[in-house]
Each structure stands twice: as C-alpha cells, then as structure tokens.
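Visitor: Encoded as structure tokens, here's the structure I'll be asking about.
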Amino acid sequence: NKQCAAKEVVVDTACMLIAELFRRYDDFEVEGTAFTKLVKRQQPAPTTMSSAAATAGGAK
1 NKQCAAKEVV VDTACMLIAE LFRRYDDFEV EGTAFTKLVK RQQPAPTTMS SAAATAGGAK
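Printed below as a string of structure tokens:
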C-alpha cells in the first residue's frame, strides 16, 4: 500500500481554510462550488491607551 505523503497536509489545510472563513465572515451562502453571498465581519475599532493608563504602570 502506497500512501500520499501530503495526505494529512491536505486535510489540515482544508480545516484552516474553513476556520478562516468562519473567522472573517458573519454570513455566507454556497451553491455547488461557488459562494453566492459573503457578509464580512466588522473589525473592532482600534483602542488607544490613555495617558493616565500609560503612566499608571510606568515609572514613578
């Protein structure tokens, strides 16, 4: 019995692609092999550290 050297890599790559799809999009629809709807997840606004919080943990 010969085995494909990349057998596990193919499955792992498919799992990572599916995980990335769920991470990036809130909603999607697939018909056959084509995506018919993709609703991208909104990115949270970047948070900035206030000067009070920055000096609270800094040098005294």
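Quick note on UniProt numbering: the sequence shown kicks off at 1 and runs consecutively. All C-beta atoms in this analysis are idealised placements derived from N, C-alpha and C, irrespective of residue type, glycine included.
(1) Nearer than 6 Å: is that true of the beta carbon of residue 6 relative to any heavy atom of the ligand MN?
(2) Taking one C-beta from the region 12 to 26 and one from the region 34 to 53 each time, how about it: are there three or more such pairs within less than 8 Å?
(3) Which residues does DSSP list as the beta-bridge partners of residue 10?
Guide: Well, looking at it:
(1) Ligands are entirely absent from the displayed structure, and the ligand MN is therefore not among its contents.
(2) yes
(3) In DSSP, residue 10 forms no bridge with anything.
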